[in-house]
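Residue numbers (full-length UniProt numbering), protein chains in the order written: chain A, 1 to 332; chain B, 1 to 332.
Just so you know, even glycine gets a beta-carbon here, dropped at the ideal spot from N, CA and C.
In what follows, a structure is listed as structure tokens, so that the remarks can point back to it.
There are 2 protein chains.
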Amino acid sequence: MEKLINDPTAYVDEMLDGMVAARPELRRLDGTEVVVRADGPADGQVAVVSGGGSGHEPSHAGYVGEGMLAGAAAGAVFTSPTADQLAAMIESADAGAGVLCVVKNYEGDVMNFDTGAEMAGMEGVDVAQVVVDDDVAVEDSLYTSGRRGVCGTVLVHKCAGAKAATGADLDEVTRVAEKAVENVGTMGVALTSCVTPEKGEPTFELGEDEIELGIGIHGEPGVERTDAMSADEVADTLLDEVLDDLGIESGEEVVTIVNGMGGTPLSELYIVQRRVAERLGEEGVDVHDAWVGDYMTSLDMEGCSVTVCRVDDELKELLAAPAETPALTVRE
Amino acid sequence: MEKLINDPTAYVDEMLDGMVAARPELRRLDGTEVVVRADGPADGQVAVVSGGGSGHEPSHAGYVGEGMLAGAAAGAVFTSPTADQLAAMIESADAGAGVLCVVKNYEGDVMNFDTGAEMAGMEGVDVAQVVVDDDVAVEDSLYTSGRRGVCGTVLVHKCAGAKAATGADLDEVTRVAEKAVENVGTMGVALTSCVTPEKGEPTFELGEDEIELGIGIHGEPGVERTDAMSADEVADTLLDEVLDDLGIESGEEVVTIVNGMGGTPLSELYIVQRRVAERLGEEGVDVHDAWVGDYMTSLDMEGCSVTVCRVDDELKELLAAPAETPALTVRE
């Protein structure tokens, strides 16, 4: 299976070098796989940071920049960053107002962020954490106790980063991050397996006419392997689960994401988006904004996820605040 | 081969519906596959429009919006839009200052844009055209006489759209579009074939360890089928051809695009970007800006293209001007 890589063991290093080569406003923290803002932490503001295994690009380094993250740590593919690197990121990002870590709920990430935060805390940094667990598909999975953290994490980055940019204190930034977490749900589907650089082969087998509902972003098992469905059936299935889980009712207002898993063309995502918008219209749910694209991927997996976030005036304002990062730009 | 589609014959229609559902600032021109700005043509400004076969998303409807295109017409997959639809688009987009059509050099597109422009001209619209032929790989190919128009087209959209937004007249907007065309070159590579919705199977066969250099964006033949290469070798090969063709020399300034073909994850594009930036640095070429992502795709094809555009102060200013479209946002 031919890929655009050199040495599989240099995959993360070269990818991060490519990103900072393209974006001079970002830089790598020396000797780490951490990407931070080249202009340093914004003076006196809370720094929002994140991280996780690689293979989910543009997550998370693609969200470093004005109005979103102050830093992102990349582990090896599908592997948590080390506690040392997380501690270095947290210490480097602190501008004197404390650091909020946005952590996807995977055991390795949670453990290493805990240790990294503790290490940074011993250096005098005020650290808070929020754990994102938006995947409604499964409770307790291969790498988690509780639910997995997936694409909804990007909305948490946006809300927390925008709040930090207002000069709010760590408690306030943490509060809006938690508010976003409480109101967001996601479910995904795989049409194909992903291929990891090291292995060079599909990580799991899926028949030509099979799909896997509730897939994780590392190819870990979902809730059901089923026959091929139309795009509308996929959209309905994912959306129903998410709406039901969040208890979204007619008259409520939401932001949606139709997210590609990395190998799915944008045209197909728009076909799914069409049905998501149609269904929400039928349900009387007001769509404040709809994002369509690759936000939280699984290498070259074909498939998508559907995210719904209930929004109030505060979250809407934070989502609409200016941002400038490699993967998301929002104008005033 | 499972895909996120419903009826293959509704592919384009549903995709465009999904796009306008996500972006209320866009709308479809009634009874057509044309996407235009919902707020209508900008009064007194030249309208820049484009179009072509579907399957290249986000091209072209993804570039409709403030600072770029006033309209984009989508044909069936890999098929030119009809002259009737192009005429309807041109007439609808005209705000009294004339319309510039940006056309990729494919025989069907050129012929239908010619006819559409003539039809609109008979209705009193002042129409100009520029034909983009940036693909340095082949002269005269399966669907073209002369070179093919590929990813460089997006830079032409940006420059022409930004110039139109300044209130410049049709001659001036056409001049900057032609300047961009003269200074841009692109070459691509396929690692896999694409799968068209109608056929549901690869359009050509490529061995597991083969790649095709100089591929067209419809899977039409390139210049050489060769054994697998590393990402760096791919980057070197594509970049050398483009730099040589443009005659770029040390000390010149360029904007680059590492463009994904639709099925390639962003991580791999960044690995290619790393080498492109490194090589240009070695050559003493100054990279003013570097775009990395899916701009001109070929359905779900895995692969990439490398675009280089020589820029002067005028093109730099136009590329940096504000824009707000589904696929590209530029802040002030």
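- Thr32/B and Glu66/B have their C-alpha atoms roughly 21 Å apart.
- Residue Val127/B holds the alpha-carbon nearest to the alpha-carbon of Val49/B among Val127/B, Asp17/B, Glu2/B.
- In this structure Val184/A is in contact with Gly152/A, their Cβ atoms being roughly 4 Å apart against a cut-off of 8 Å.
- If you check the CB distance, Thr186/A and Ser305/A come in under 8 Å.
- Our two residues, Ala38/B and Met19/B, have alpha carbons roughly 13 Å apart in a direct line.
- In the structure shown, Thr186/B falls within a strand segment according to DSSP collapsed to helix, strand and coil.
- A direct Cα-to-Cα measurement between Gly207/A and Glu139/A gives close to 26 Å.
- The beta carbon of Glu241/A sits closer than 6 Å to the beta carbons of Val136, Met187 from its chain, once the five residues preceding and following it are set aside; these are given in chain order.
- Annotation: the stretch 102-150 of chain B contains the following complete segments of the beta strand (DSSP E) (minimum length 3 residues), in chain order: 127-132.
- Within the model, the alpha-carbon separation for Asp109/A versus Gly53/A is close to 8 Å.
- The beta carbons of Thr192/B and Met111/B sit about 31 Å from each other, so the pair does not count as a contact at 8 Å.
- Secondary structure of Pro202/B (DSSP, three-state): strand.
- Put simply, the backbone Cα of Ala88/B is about 13 Å away from that of Ala70/B.
- Counting along the chain, no beta strand (DSSP E) covers Gly40/A, and no H or E run does either.
- The C-beta distance from Asp134/A to Gly146/A rounds to 11 Å, too long to fall under 8 Å, and the pair is not in contact.
- Residues Met187, Val306 of the same chain have their beta carbon placed closer than 6 Å to that of Leu238/B, with the five preceding and five following residues left out of the count.
- Secondary structure of Leu4/B (DSSP, three-state): coil.
- Residue-level contact check: Glu317/A does not touch chain B, since none of the beta carbons of chain B fall below 8 Å from its beta carbon.
- For the options Val150/B, Gly303/B, Thr144/B, the alpha carbon positioned closest to that of Gly263/A is the one of Gly303/B.
- Around the CB of Thr196/B, 16 or more other CB atoms lie within 10 Å, so the residue is classed as buried.
- In chain B, no part has a C-beta under 8 Å from the C-beta of Gly75/A; the shortest such distance is about 13 Å.
- Each residue's CA atom was taken as its position, placing Val173/B and Ala164/B some 6 Å apart.
- Taking C-beta atoms under 8 Å as the contact rule, Ala231/A and Leu246/B fail to qualify, at a distance of about 41 Å.
- Judged by DSSP secondary structure, Ala93/B falls within the alpha helix (DSSP H) whose first and last residues are 83-93.
- Taking Val156/A as the centre and dropping the five residues before and after it, the same chain places the C-beta of Val102, Val130, Val132, Ala177, Ala180, Val181, Val184 closer than 8 Å to its C-beta, in chain order.
- One Cα belongs to Pro41/A, the other to Gly96/B, and the distance between them is close to 49 Å.
- DSSP places Gly51/A in the uninterrupted beta strand (DSSP E) bounded by 47-54.
- Between Ala235/B and Val287/B, the C-beta gap is not smaller than 8 Å, which leaves the two residues out of contact.
- A Cβ-Cβ distance of about 10 Å is found for the pair Val308/A and Val258/A, leaving them out of contact under the 8 Å criterion.
- Thr325/B is the residue among Arg331/B, Thr325/B, Glu332/B whose C-alpha sits nearest the C-alpha of Ala61/B.
- Contacts with chain B (Cβ-Cβ distance below 7 Å) from the stretch 61-89 of chain A involve no residue at all.
- Under the 8 Å criterion on CB atoms, Cys304/B is classed as interfacial with respect to chain A.
- Under the DSSP assignment, Cys159/A falls in the alpha helix (DSSP H) whose first and last residues are 153-165.
- Within the stretch 263-289 of chain B, those residues whose Cβ lies closer than 9 Å to any Cβ of chain A are, in chain order, Gly263, Thr264, Pro265, Leu266, Ser267, Glu268, Leu269, Tyr270, Ile271, Val272, Gln273, Arg274, Arg275, Val276, Ala277, Glu278, Gly281, Val287, Asp289.
- Counting only Cβ-Cβ distances below 8 Å, Glu324/B has contacts in chain A at Arg331, in chain order.
- In this structure Asp94/A is in contact with Val125/A, their Cβ atoms being roughly 5 Å apart against a cut-off of 8 Å.
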